[in-house]
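Residue numbers (this note's numbering), protein chains in the order written: chain A, -5 to 398; chain B, 916 to 1253.
Report on the following structure.
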Amino acid sequence: MSSVKAPVEKFRLGMLLGDTRYRSTTVQVIAFIIFVAVVFWLVDNTVKNLALLGKDVDFSYLWMRAGYDINQRLIPYTNDSTHGRAALVGILNTLLVAFIGCIVATILGVFVGILRLSKNWIVAKLMSVYIEGFRNIPILLWIVMIFALLTEFTPAPKAFKGADPEASMIFFQSTAITNRGAYFPSPIWGEGSMYLLIIFAVSLAAIFFFRRYAKKLQEETGKNLPKFWISLAIFFVPTTLFYFLLGSPITLEYPYLKGFNFKDGLYVRNSFIALTLALSLYTSAFIGEIVRSGILAISKGQTEAASSLGLRPGRIMNLIILPQALRVIVPPMISNYLNLTKNSSLAIAVGYMDVRGTLGGITLNQTGRELESMLLLMGFYLCVSLIVSAIINYFNRSFQIKGM
Amino acid sequence: MKKSLFLSVAAIVGFTAGVAAAGTLDDTIARGHVKCGVSTGSPGFSGVDDSGKNVGFDVDYCRALAAAIFNDPMAVKFTPLSSSVRFTALASGEVDILARNTTWTYSRDTDLKQTFLGVTYYDGQGFMAKTSLGVSSTLELDGATICIQVGTTTELNLADYFKANGMTYEPLPTSDNAESKQQYLAGACDAYTTDASALHGTRINMENPDDHIVLPEIVSKEPLGPLVRHGDDQWADVGRWVLNALVIAEEKGITSANIDSFADSKDAEIHRLLGTGDDDMMAMMGMPKDGMYNAIKHVGNYGEIFERNLGATSGINIERGVNNSWTNGGILYSPPFR
């Protein structure tokens, strides 16, 4: 018996396809080779054809003088700056729209999502109209439409001129709404404003620690402090007190009409307002649906149990439903934030100078470096998307049920 | 398997690389029509008339080229191109010639690897403002908001001009002429800047042209002309000399109407140009002997093209100014046809 040996199988080439032990590896190797060959061919073909047209791949134009002006600049930039800096100005403009857009879209979306579940028939139906309206019309049309409304139905700066002007500034003569944008008062940081900022930061920290203490106190003794009112007091009282003690270090600079336009103050362009508003409204409709689905995913028994404990509807939503719903809501939010960021590349429709407008628009046109500019743009959007996903995935982990 | 795959990849790459080798003129003749890139719409320069036919100053140049090659001014396929894709379309071979009010500049000639064939229209950048603004000079525009088309040379000139004069401005970028016009009319900008010829064309199409004024200053040189890719001198020669022939024809008084009366002219250059003499000049570029005759016969000389599209008969009413033959006080001057 012991002399019987298992037959030693000799490896034959045919087994690569016939034998299930090797087949999947064979298929994967072949697929990989084909993939590499196709990529190689695409790159090689591009380089060869570019060489044929006498074009090379060269990024040195990024260090050359741009020569054009950009209206909205978050960092110093003149037409003597380089194309690289123009791209950076555009990148910051893109990030500004994306950041503010995401915040506004989230706030709006949560409200819309909750209100769509309201027992009030009119409110629920109005929210359905809102969601279906924004979701089912292309974003580009909303951007252009809001921009057109802002431009056509607001007065030109010229209308503010003269002894009996057609238009006047609002909010105690501090804010001007024109067809070129809105001008707000802007703060001037005088002497001592540094201390004020420090005090404000300390107040914020105090609020944070107070709330932690209040939570601990409630867990240990069941005593419930009026958290909201105390926080509000810490927020306002010390800062206001020191504002007057330090002799009003921060003053406001009001916009005023000079020549063709308003001078000074904070100038928010119509292109920015239109783009941010349209992106927020459009994305909020999607977020609203996600919030609604998240709430509906929590079983009705939770609400009933909470109300049998005597909790009011507002507290049930804040303490019981929303924290659980977040587990369902957060993952699909990532793709909506990413969509908002990517949709911001439609900015050129209203002349907002985002990175698509500077690097992918004017720079591309003036230098003729299409391939390089497009590669850089794609790299930029890819990086932003990956970073946003990473951040939200990090938060997402803290919302999930531990140990699952 | 691996080896044969790489061989076939190499073969495909080699094949694609070899496509663009033949001459553009030969390709065009074989194809039967000229591939011409024009603007998406600029009054007087390129547009579509009521019957759907392409018309305009730039369009007529391509028609003259087609008439010279095929004796048929309609043998052109027009591709409307926005200012941002025009050079890519030319470089990739989507069009073979670009007649799209494009300014001839150093970097476009050298860095973008284009060959400009000459100047069809000497233009300059101007400003338009509403009469009610009370501005009579560009130098009074300090602090103004100015509408401008992105990706054009006008954008760079604007920056240079305001800097040179110590003035500031706020640019309002727009994507094309139509959007600029709309923003300007809505009062979102105080002035609109682009090539003066386009300003005149835009102004005349407004509801009340008298409410708008084109300011007298011309802040840049904008020589507009047709261009082709680097690397095919024969094709560049054809385009260049069709343009020169149109200019010579006006200088000599040859029009589409009277061209046949020059058959027994005593001017030897006319016979060389029209192919009515013994010498076959056009063979030097591989073109039919009566090519220039056909171009002028079908499309007219430079002056006729200008008058039809931009002059008084067109309603746009642009003065000839420097865009006149040197014999009439202009600066159009063609090298001799010999």
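The beta carbon of each residue, even a glycine, is placed where N, CA and C say it ideally should be.
In whole angstroms, what is the alpha-carbon distance linking A/K209 and A/I289? Counting from one through the first sequence, the residue named residue 209 of chain A turns up at place 215. Counting from one through the first sequence, the residue named residue 289 of chain A turns up at place 295. Their backbone Cα atoms lie some 25 Å apart in a straight line.
Within 7 Å of any Cβ in chain A, is that where the Cβ of B/T994 sits? Translated into the one-based positions of the second sequence, residue 994 of chain B becomes position 79. No - not a single Cβ of chain A is within 7 Å of the one on B/T994.
For the alpha helix (DSSP H) holding B/C977, just list the boundary residues, first then last. Here residue 977 of chain B corresponds to residue number 62 of the second sequence, with the count starting at 1. First-last of the alpha helix (DSSP H) with B/C977: F972 to F985.
Would you mind telling me which residues of chain A sit closer than 9 Å to B/Q1098, beta carbon to beta carbon, in chain order? The residue you call residue 1098 of chain B lines up with position 183 of the second sequence. Within chain A, the residues near B/Q1098 are T145 and G345.
Using a Cβ-Cβ distance cut-off of 7 Å, determine whether A/G355 contacts chain B. On the first sequence, position 361 is the one that residue 355 of chain A refers to. Chain B, which has a Cβ nearer than 7 Å to the Cβ of A/G355, makes this yes.
Buried or exposed: A/A384, going by 16 or more other Cβ atoms within 10 Å of its Cβ? Here residue 384 of chain A refers to the residue found at position 390 of the first sequence. By the 10 Å Cβ count, A/A384 comes out exposed.
Compute the beta-carbon to beta-carbon distance between A/R129 and A/A279, rounded to the nearest angstrom, for a pair I have assumed lies under 8 Å. Here residue 129 of chain A is taken as the residue at index 135 of the first sequence, counted from 1. Here residue 279 of chain A is taken as the residue at index 285 of the first sequence, counted from 1. Confirmed, Cβ separation roughly 4 Å.
Does the beta carbon of B/V1143 sit closer than 7 Å to a beta carbon anywhere in chain A? Numbered from 1 along the second sequence, position 228 holds the residue referred to as residue 1143 of chain B. False, the Cβ-Cβ gap to chain A never drops below 7 Å.
Which residues mark the beginning and the end of the alpha helix (DSSP H) in which B/R1144 is found? Within the second sequence, residue 1144 of chain B is the residue found at index 229, counting from 1. From DSSP, B/R1144 is part of no alpha helix (DSSP H) but of the beta strand (DSSP E) over L1142 to R1144.
List, in order along the chain, the chain B residues whose C-beta lies closer than 8 Å to that of A/K49? Locating residue 49 of chain A in the first sequence gives position 55, counting from the first residue. Against chain B, the beta carbon of A/K49 has neighbours under 8 Å at A1006 and K1028, listed in chain order.
Assign B/E1137 to one of three DSSP states: helix, strand, or coil. If you number the second sequence from 1, residue 1137 of chain B lands on position 222. Of the three classes helix, strand and coil, the one that applies to B/E1137 here is strand, per DSSP.
Candidates A/F222, A/Y207 and A/W223: which alpha carbon is nearest A/G216's? Position 222 of the first sequence, counted from the start, is the residue given in the question as residue 216 of chain A. Among A/F222, A/Y207 and A/W223, the Cα nearest to that of A/G216 belongs to A/Y207.
So, are the CB atoms of A/R321 and A/R110 less than 7 Å apart? Position 327 of the first sequence, counting from 1, holds the residue named residue 321 of chain A. Position 116 of the first sequence, counting from 1, holds the residue named residue 110 of chain A. In this structure, A/R110 does not lie closer than 7 Å to A/R321 by Cβ.
Give the list of continuous alpha helix (DSSP H) stretches no shorter than 4 residues that lie fully inside the region 1039 to 1093 of chain B. 1068 to 1079
Can you round the beta-carbon distance between B/T1108 and B/Q1029 to whole angstroms, since I take them to be within the 8 Å contact cut? Taking the second sequence and counting its residues from 1, the one referred to as residue 1108 of chain B is at position 193. Taking the second sequence and counting its residues from 1, the one referred to as residue 1029 of chain B is at position 114. Not quite, the Cβ-Cβ distance comes to about 24 Å (not below 8 Å), so this is no contact.
Could you give the residue range of the beta strand (DSSP E) that holds A/E364? By one-based count along the first sequence, residue 364 of chain A stands at place 370. Where A/E364 is concerned, there is no enclosing beta strand (DSSP E), although the alpha helix (DSSP H) it sits in stretches over E364 to F393.
Mind checking who A/I27 pairs with in its DSSP beta bridge? Sequence index remark: in the first sequence, residue 27 of chain A carries index 33 (1-based). A/I27 is not bridged to any residue.
Do A/F236 and A/I284 have their C-beta atoms closer together than 7 Å? For the purposes of this step, residue 236 of chain A is identified with residue 242 of the first sequence, where counting begins at 1. For the purposes of this step, residue 284 of chain A is identified with residue 290 of the first sequence, where counting begins at 1. In this structure, A/F236 sits away from A/I284, with a CB-CB distance that is not shorter than 7 Å.
So which residues on chain A does B/D1194 lean against when the C-beta distance must stay under 7 Å? Taking the first residue of the second sequence as position 1, residue 1194 of chain B is located at position 279. The premise fails here: B/D1194 is roughly 36 Å from chain A at the closest Cβ pair, so nothing lies under 7 Å.
Is it buried or exposed, A/N387, if we count other Cβ atoms within 10 angstroms and call 16 or more buried? Residue mapping note: residue 387 of chain A aligns to position 393 of the first sequence, counting from 1. A residue is called buried when at least 16 other Cβ atoms come within 10 angstroms of its Cβ; A/N387 does not meet this threshold and is exposed.
Compare the beta carbon distance of B/V953 and B/D975 with 7 Å and say whether it is the shorter of the two. Taking the second sequence and counting its residues from 1, one reaches residue 953 of chain B at position 38. Taking the second sequence and counting its residues from 1, one reaches residue 975 of chain B at position 60. No; because the gap between Cβ atoms is not below 7 Å, this pair is not in contact.
Please work out which residues of its chain come closer than 7 Å, Cβ to Cβ, to A/P325, disregarding the five sequence neighbours upstream and downstream, and give them in chain order. Sequence index remark: in the first sequence, residue 325 of chain A carries index 331 (1-based). Result list for A/P325: N390, in chain order.
Less than 7 Å between the beta carbons of B/F993 and B/C951, yes or no? As a working note, residue 993 of chain B is residue 78 in the second sequence. As a working note, residue 951 of chain B is residue 36 in the second sequence. Inclusion of B/F993 and B/C951 in the CB contact set at 7 Å is warranted, their separation being smaller than that value.
Proximal residues of chain A, C-beta to C-beta of B/V953 below 7 Å: What you label residue 953 of chain B is simply residue 38 of the second sequence in a count that begins at 1. Ordered by position in chain A, no residue passes the 7 Å Cβ test against B/V953, which lies about 18 Å from the chain.
Opposite A/P181 in the DSSP bridges: which residues? Your numbering for residue 181 of chain A matches position 187 in the first sequence. Beta-bridge pairing links A/P181 to A/L246.
Is B/D1105 close to chain D, meaning its C-beta is less than 7 Å from at least one C-beta of that chain? Of the chains in the structure shown, none is chain D; the protein chains are A and B.
Check B/H948 in the structure and name its three-state DSSP category. For the purposes of this step, residue 948 of chain B is identified with residue 33 of the second sequence, where counting begins at 1. DSSP places B/H948 outside both helix and strand once states are collapsed to three, so it counts as coil.
Identify whether A/L191 lies in helix, strand or coil by the three-state DSSP scheme. Counting from one through the first sequence, the residue named residue 191 of chain A turns up at place 197. Three-state DSSP puts A/L191 in a helix.
C-alpha gap between A/A0 and A/D13, whole angstroms: The residue you call residue 0 of chain A lines up with position 6 of the first sequence. The residue you call residue 13 of chain A lines up with position 19 of the first sequence. When rounded, the distance between both Cα atoms is 18 Å.
DSSP beta-bridge partners for B/V1129? Position 214 of the second sequence, counting from 1, holds the residue named residue 1129 of chain B. According to DSSP, B/V1129 bridges with B/M1043.
When you check each C-beta in the region 148 to 161 of chain A against every C-beta of chain B, which residues fall closer than 8 Å? A150 and K152
Within-7 Å CB hit, A/P350 to chain B: On the first sequence, position 356 is the one that residue 350 of chain A refers to. One point to set straight first is that residue 350 of chain A is Arg, not Pro, in the sequence displayed. Chain B, which has no Cβ nearer than 7 Å to the Cβ of A/R350, makes this no.
Quick one: give me the first and last residue of the beta strand (DSSP E) that B/F1031 is part of. On the second sequence, position 116 is the one that residue 1031 of chain B refers to. From DSSP, the beta strand (DSSP E) with B/F1031 extends over Q1029 to F1031.
Please list the residues of the region 1052 to 1067 of chain B that have a C-beta atom closer than 8 Å to any C-beta atom in chain A, keeping them in chain order. Using a CB distance below 8 Å, the part of the region 1052 to 1067 of chain B facing chain A consists of L1056, D1057, G1058, A1059, T1060, V1065, G1066 and T1067, ordered along the chain.
Excluding sequence positions up to five away, which residues of its chain have a Cβ less than 7 Å from the Cβ of B/I1163? Residue mapping note: residue 1163 of chain B aligns to position 248 of the second sequence, counting from 1. Sequence-distant partners of B/I1163 (beyond 5 residues in either direction) whose C-beta falls short of 7 Å from its own C-beta, in its chain, are L1188, S1249 and F1252.
Find the residues of chain A that neighbour B/K1078, judging by a C-beta separation of less than 8 Å, and give them in chain order. In the second sequence, the residue the question calls residue 1078 of chain B occupies position 163. By Cβ distance, chain A contributes N73.
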